[in-house]
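Structure first, commentary second.
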Amino acid sequence: MAKGFRSGFVALVGRPNVGKSTLLNAILGTKVAITSGMPQTTRHRVLGVAHSPQAQIVFVDTPGFHLAETCLGEWMLDSAKTEGSEADIAVMVVDASLKPNEEDRLVADFLRQEVQAPKLLVLNKVDKVKPKELLLPRIEAYRQLADFQEVFPVSAKDGSNLKELVARLRQMLPEGTPYFPEDQVSDQDQERLAEEIIREKVLRCTYREVPHAVAIQLEECRPAHNKGNLQYLRAVIYVEREGQKHIILGRKGEKLRDIGAAARQELEDLFGQKVYLDLWIKTKENWRDRPDWLRALGYE
Ligand SMILES: Nc1nc2c(ncn2[C@@H]2O[C@H](COP(=O)(O)OP(=O)(O)OP(=O)(O)O)[C@@H](O)[C@H]2O)c(=O)[nH]1
Ligand SMILES: [Mg+2]
Numbered sequence: 003m004a005k006g007f008r009s010g011f012v013a014l015v016g017r018p019n020v021g022k023s024t025l026l027n028a029i030l031g032t033k034v035a036i037t038s039g040m041p042q043t044t045r046h047r048v049l050g051v052a053h054s055p056q057a058q059i060v061f062v063d064t065p066g067f068h069l070a071e072t073c074l075g076e077w078m079l080d081s082a083k084t085e086g087s088e089a090d091i092a093v094m095v096v097d098a099s100l101k102p103n104e105e106d107r108l109v110a111d112f113l114r115q116e117v118q119a120p121k122l123l124v125l126n127k128v129d130k131v132k133p134k135e136l137l138l139p140r141i142e143a144y145r146q147l148a149d150f151q152e153v154f155p156v157s158a159k160d161g162s163n164l165k166e167l168v169a170r171l172r173q174m175l176p177e178g179t180p181y182f183p184e185d186q187v188s189d190q191d192q193e194r195l196a197e198e199i200i201r202e203k204v205l206r207c208t209y210r211e212v213p214h215a216v217a218i219q220l221e222e223c224r225p226a227h228n229k230g231n232l233q234y235l236r237a238v239i240y241v242e243r244e245g246q247k248h249i250i251l252g253r254k255g256e257k258l259r260d261i262g263a264a265a266r267q268e269l270e271d272l273f274g275q276k277v278y279l280d281l282w283i284k285t286k287e288n289w290r291d292r293p294d295w296l297r298a299l300g301y302e
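Under our numbering, residues 3 to 302 are what the sequence shown spells out, in order.
Given below as C-alpha cells:
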C-alpha cells in the first residue's frame, strides 16, 4: 500500500428521487444500486467502493429522507441517519432543477444537528436546469441550509463534474488502510442484488401506491437440473392487498410478463448465463407495518 493512502466512508444523503443511487452508479461505472423515478426507491443502505492507487472511497447510498408513514419508512429514515452520522464525510445530494422543499430541510436539520463530519453539497441534475442562469440562485438557496465546505453542481446523467467531485473527496479522506479488497465494488451479494433488480422492474412498470407496497423475496437460486448452463431463480413479489396483485399481474398476465422479461435480461448479465425466472405474487396484509414481516423480508 502506498504511503499516505487515504480511505473512508462517504454517505450520500438527501430526499428521495434527487439521484443519489444514480450518482453512485455513475461514479463507480457499474450498477450497484437500483434507481427509478419513484420516490423511496432505495430501502437498504448499499456500499459502493471506488478504488484508486492512492485512496479508497466507500460510498454509502442511503434511503431518501421523508416524512415516514409506516414502520418500513421509519426504519429507512433511521438507517439513513445512522449512515449519515457515522460517515467520514456527509454529502447532501439535492435536485438542482427544483427549489429546496420540506424534505430537503429535514436533511439539512439532521446535518446541522447530528453530523460533525465535513459536509459537501452536491446539486445533481444540472442538465435539467433551464435557463442556465437559474443555477447560481439555486446554489445560494441550498447553500444556506447548512454549513457546507464546498459545493459541486453535477449531472449523474451526463457525468459532468463527477471526476472533480471524486478527486476532492479523495483529498478530504483521512489517512488509513483500505476497507475492502481491490476486486470488491459492493457489499451486496448477488442474491440481494437479484431481488433489487426485480423490485426495480416492478417500480418502473407500476404507478401510485403499488410500488411502495412491493417487496421481493428470492426463494430459490440454483443451477437448473439437466438444463446445461441455466440458472433457476424463483422469487415472490409481495404486495399488501389483493387488488395490488391484479395490478401487477395486468390484463392476461401481460404486466407480470413484461416485469419478468425486463428483470431476466438484467439478471442474465448479473449471473453471466441464461436465467429461468419463476415469479409469483403473494399478498401479505400491511407487511410494511408488521415487525415480523419486516424482519422476514430483510428490513431490520
Ligand atoms: N436529468 C437527470 N435525471 C437524473 C439525474 N440523476 C438521476 N436522475 C433521475 O432521477 C430519478 C431518481 O433517481 P434515483 O437515483 O433513483 O434517486 P434517489 O435519490 O436514489 O432516490 P431514493 O432511492 O428514492 O431516495 C431517476 O429517474 C433518475 O434517472 C441527472 O443527473 N439528470
Ligand atoms: Mg436511491
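Yeah, the Cβ is synthetic: ideal placement off N, Cα and C, and Gly gets one too.
Is the shortest distance between the beta-carbon of residue i and the beta-carbons of chain B less than 9 Å?
{"i": "residue 82", "result": "Structure shown: chain B not included; a single protein chain is present."}
CB of residue i to nearest heavy atom of ligand 2: below 8 Å?
{"i": "residue 81", "result": "no"}
{"i": "residue 134", "result": "no"}
Hey, out of the options, whose CA is closest to residue i's CA?
{"i": "residue 157", "options": "175, 99, 109, 181", "result": "99"}
{"i": "residue 70", "options": "61, 287, 81", "result": "81"}
{"i": "residue 19", "options": "148, 5, 38, 46", "result": "38"}
{"i": "residue 271", "options": "204, 296, 282, 192", "result": "192"}
Looking at ligand 1, does it come within less than 8 Å of residue i, judged from the CB to the closest heavy atom?
{"i": "residue 25", "result": "yes"}
{"i": "residue 17", "result": "yes"}
{"i": "residue 40", "result": "yes"}
{"i": "residue 160", "result": "yes"}
{"i": "residue 35", "result": "yes"}
{"i": "residue 22", "result": "yes"}
{"i": "residue 65", "result": "yes"}
Measure the C-alpha to C-alpha separation of residue i and residue j and round it to an integer number of angstroms.
{"i": "residue 25", "j": "residue 164", "result": "9 Å"}
{"i": "residue 235", "j": "residue 223", "result": "5 Å"}
{"i": "residue 76", "j": "residue 43", "result": "14 Å"}
{"i": "residue 88", "j": "residue 265", "result": "34 Å"}
{"i": "residue 206", "j": "residue 214", "result": "12 Å"}
{"i": "residue 167", "j": "residue 202", "result": "27 Å"}
{"i": "residue 245", "j": "residue 74", "result": "21 Å"}
{"i": "residue 174", "j": "residue 238", "result": "43 Å"}
{"i": "residue 93", "j": "residue 105", "result": "15 Å"}
{"i": "residue 113", "j": "residue 31", "result": "28 Å"}
{"i": "residue 54", "j": "residue 123", "result": "23 Å"}
{"i": "residue 56", "j": "residue 181", "result": "13 Å"}
{"i": "residue 13", "j": "residue 85", "result": "6 Å"}
Name the one or two DSSP bridge partners that residue i has.
{"i": "residue 94", "result": "15, 123"}
{"i": "residue 62", "result": "13, 49"}
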